[in-house]
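Following: one structure in structure tokens, then a few remarks.
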Amino acid sequence: CRIILIMTLFDDRPCCKMDAVSASVMISLTGKLNKSEMASFFAGRNLEDATVSVSGAIVAQDTIVCSGNIFTHFAPGVVISVFQDEGKPPALCNLLVLESIDKVQEAVDLLSCQFGGNQISFSPFADLEPVDQTSPAMFAILRISNSDRTGTQPLVFTTNKSRPGENVTVISSPFGVLCPSVFRNSICSGSITNYVNDMFALIDTRYLPGTEGGTVINADGLCVGLISLPLYLRLDSQLVVLPSMIPSRSILQFLLKYDVLPGYIDNIIADSSMPSLYEASIRSLVCVYYQSSWASAIILHRSGFLLTSGHLFANCRNSVPGTLLVQARLQSHNYLGNPFDSCNVDWVPATVVRLFSGSWDIALLKIQCMRPVHGITEGVNVGNFSLKPGQPVSVLGFGLFRPPISKIPSPSLALMPTVTSGTLCKVVCLAGRGPVLLQSSAIVQQGCSGGMLLDRKTGKLIGLITSNLKHYCPVSRQTSIIPNMNFSIPIRIVCSLIDYINSRDNSILEELDETCESIGKIWSLRGDNPTPHAKL
């Protein structure tokens, strides 16, 4: 699918990151806040004369676009100011448009409908106030009323869709109203995580109050979207916060609706295919469902062998493998020869070939389909690579969003795997065995087990995601998940299973199913030495 948006370039001036920083601004609002939990969160007890701030960007001469949700919390008569340059006083602004972007709201509604309105919200106080008071689709257009700034170039947009896994830079003003000289136009890095209906995206970056409306730019310094309200996802007792982004094409449609013509628009053909670095890997990743639980699974071979985490079947260790029936979710791009397209979804039955009970938390599955599928041997770079702590990594998996089992799912709800980024923090080795455990800082959430750990620079598959760390607090007697400390099985185990599929040598399976006390201690986090206990 290729989309061409024809626009006129007002200038062929090359753009850079500093141009985007110059076009980014901080907006402050001063006035009476309507009483609500969100208002108290922003301004504390002083609701009569409160000042809060959001981020925004100059998109045309004296015209700004910014996140609009905070405007709905103020009573009429709010004073709007924009901070543009260091050392200069803020300029007053007028509110021209405050509106929810239709296509963005449709994508948000689809997400809420599919995964449950009680699970997803865009406010930490969703249980205490109406849901319709907070929407990531709400944006505002402002006009600077007394600007003497003539040299600032507007933000440069690109209509190209940033792919999941792509590195981005975020320019925003978190807590900006506290001290603009310290917080205005702070820069941090991140990456695109996933899309919903191409009009709403999740982004792996820092989120703090005031970040909403922040500019998201790619490696070329072009704007690919604006930060919006974070998504709050409730899973059991955990509250997961996911920053969100409104893609540039949604913002452009909003601006053009009101005849706001951005000064510069990068005029490039937008291709919806994934970058070659991740495309083969995503083709070889599926979601599997057993009873009420789901996980990710790697397609090992075109004949339909899958590898996933064994703890998906934690309650069935004594069952006969062939009797455990699993559902595997295949999208059209998982089949060999198909274009990269997530629209068509099939749920196909799978059986457990082997549930390993030794040192490795793995299970070998076989799907029952008549067509060859895209195994990792069809294009994913697999091998026993050199692993070095500190190297950048990415995690691919079907995390957080429980996939609905439906014979005829809506194409717009066929979510791709989620991509998060981090660092390979530790490679644990044993003498004579090599690497036995990999620790990374990429965010791993429920459903990512069985997913891929990839070298971020080369796209090479280096491990199988198995688990993240849980922390138990004896005081509160509560357990919390630490999503950015997680563990993976090294690639050599995956390579051994590929060898088995090609040779059908059962001794390979027997060797993988052996119990090694040293490996068991490492994976149970016991180590070799007794843990010292502090004494008063």
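Number 383 in the UniProt record's numbering belongs to position 383 of the sequence shown; there are no gaps in the numbering. Even for Gly, the Cβ is constructed at its ideal location relative to N, Cα and C.
Point to revise | A431 burial status per 10 Å Cβ neighbour count (16 or more: buried) | key: Exposure of A431 is indicated by the presence of fewer than 16 other C-beta atoms within 10 angstroms of its C-beta.
Review point. Using 8 angstroms as the threshold, is the region 222-237 in touch with the region 70-87, meaning 3 or more CB pairs across them?
Key: Inter-segment contact for the region 222-237 and the region 70-87 is absent: fewer than three beta-carbon pairs are separated by less than 8 angstroms.
Check your understanding: Between which two residues does the beta strand (DSSP E) harbouring R234 extend?
Key -> Counting along the chain, the beta strand (DSSP E) containing R234 begins and ends at 223-235.
Exercise for review: Using the DSSP secondary-structure output, state which residues sit across from Q331 in a beta bridge.
Suggested key: For Q331, which the question treats as bridged, DSSP gives the partners V345.
Check your understanding: What whole-angstrom Cβ distance do A91 and I144 have, given they're in contact under 8 angstroms?
Key -> That pair is a contact at about 5 angstroms.
Review point. Among residues of its own chain, excluding the 5 on either side of T308, which ones have a beta-carbon nearer than 6 angstroms to its beta-carbon?
Key: So the qualifying residues of the chain are V288, A295, A297, A363, G450.
Exercise for review: For the alpha helix (DSSP H) holding N381, just list the boundary residues, first then last.
Suggested key: Taken as a continuous stretch (DSSP letters only), N381 belongs to no alpha helix (DSSP H), as it is neither H nor E.
Practice item. Reducing DSSP to helix, strand and coil, say where A137 ends up. Key: Of the three classes helix, strand and coil, the one that applies to A137 here is coil, per DSSP.
Check your understanding: Taking Cβ to Cβ, would you say V419 is nearer than 8 angstroms to G165?
Key -> Yes. Within cutoff.
Exercise for review: Select from R492, N468, L111, P89 the residue whose C-alpha is nearest the C-alpha of D198.
Suggested key: Nearest option by C-alpha distance: L111.
Check your understanding: In or out: A23 buried (at least 16 other Cβ within 10 Å) or exposed?
Key -> So A23 ends up on the buried side.
Check your understanding: Anyone know if the C-beta pair for G225 and M26 falls short of 8 angstroms?
Key -> Cβ atoms of G225 and M26: not closer than 8 angstroms.
Check your understanding: Alpha carbon to alpha carbon, what distance is there between A442 and T423?
Key -> The straight-line gap from Cα to Cα measures roughly 6 angstroms.
**Study point:** Selection from Q446, T72, Q61, V59 that minimises the alpha carbon distance to K32
**Key:** Here the closest residue by C-alpha is T72.
Review point. Apart from the five residues on each side of it in sequence, which residues of its chain come closer than 6 angstroms, Cβ to Cβ, to C93?
Key: Excluding residues within five positions, the ones whose Cβ falls inside 6 angstroms are I80, V82, L142, I144.
Check your understanding: Secondary structure at T152, three-state DSSP: helix, strand or coil?
Key -> T152 falls in the coil class under three-state DSSP.
Review point. Less than 8 angstroms separating the beta-carbons of R302 and E378?
Key: Yes, these two residues count as a Cβ contact at 8 angstroms.
Check your understanding: Quick one: is T63 buried, meaning 16 or more other Cβ sit within 10 Å of its Cβ, or exposed?
Key -> With 16 or more other Cβ atoms within 10 Å, it is buried.
Point to revise | Best match in C448, R477, T479 for proximity to I465 [C-alpha to C-alpha] | key: The option with the nearest alpha carbon to I465 is C448.
Review point. Taking buried to mean at least 16 other C-beta atoms within 10 Å of its own C-beta, is R526 buried or exposed?
Key: When all chains shown are included, R526 counts as exposed.
Exercise for review: Taking W294 as part of the beta strand (DSSP E), name the residues at either end of that continuous run.
Suggested key: Segment 293-299, the beta strand (DSSP E) holding W294.
Check your understanding: What's the call for R504, buried or exposed, on a 16-neighbour Cβ count within 10 Å?
Key -> That one is exposed.
Point to revise | Segment limits, alpha helix (DSSP H) that includes Y500 | key: Looking at the DSSP string, the run of the alpha helix (DSSP H) that includes Y500 is 491-503.
Check your understanding: Which of the three DSSP states, helix, strand or coil, is assigned to L95?
Key -> The answer is strand: DSSP assigns L95 an E or B state.
Check your understanding: Is it true that the CB of L231 sits closer than 8 angstroms to the CB of L242?
Key -> Against a cut-off of 8 angstroms, the Cβ pair of L231 and L242 comes out as a contact.
Exercise for review: Go ahead and label W523 buried or exposed: buried means 16 or more other beta carbons lie within 10 angstroms of its beta carbon, across all protein chains shown.
Suggested key: Result: buried.
Point to revise | Nearest candidate by alpha-carbon position, reference I482, set S488, S476, L469 | key: If we check each option's Cα against that of I482, L469 comes out closest.
Practice item. In the DSSP assignment, find the unbroken alpha helix (DSSP H) run with V182 in it and report its ends. Key: First-last of the alpha helix (DSSP H) with V182: 180-183.
Review point. Between the Cα of N338 and the Cα atoms of R283, N218, V54, E48, which residue gives the shortest distance?
Key: Taking N338 as reference, the option from R283, N218, V54, E48 with the minimal CA-CA separation is R283.
Practice item. Pull up the DSSP beta-bridge partners for A60, would you. Key: For A60, which the question treats as bridged, DSSP gives the partners T63.
Review point. Expressed to the nearest angstrom, what Euclidean distance is found between the alpha-carbon atoms of K369 and N69?
Key: Note that residue 369 corresponds to Cys in the displayed sequence, not to Lys. C369 and N69: Cα-Cα distance of roughly 48 angstroms.
Exercise for review: Quick one: residues in its chain with C-beta nearer than 7 angstroms to the C-beta of P174, no 5 flanking neighbours on either side, listed in chain order?
Suggested key: Excluding five sequence positions before and after P174, the CB atoms of its chain that fall closer than 7 angstroms to its own CB belong to F183, S186, L208, P209, G210, T211, given in chain order.
Point to revise | Backbone CA spacing between D85 and P180 [nearest angstrom] | key: Taking the CA atoms as reference points, D85 sits about 10 angstroms from P180.
Check your understanding: Got a sec, what are the start and stop residues for the alpha helix (DSSP H) S284 sits in?
Key -> Following the DSSP letters along the chain, one finds S284 in no alpha helix (DSSP H), marked with neither H nor E.
Check your understanding: DSSP state of M485, grouped into three classes?
Key -> M485 falls in the strand class under three-state DSSP.
Exercise for review: Report all residues from its chain with a CB closer than 6 angstroms to the CB of Q327; omit the five preceding and five following residues, and keep chain order.
Suggested key: These residues qualify, in order along the chain: Y289, W347.
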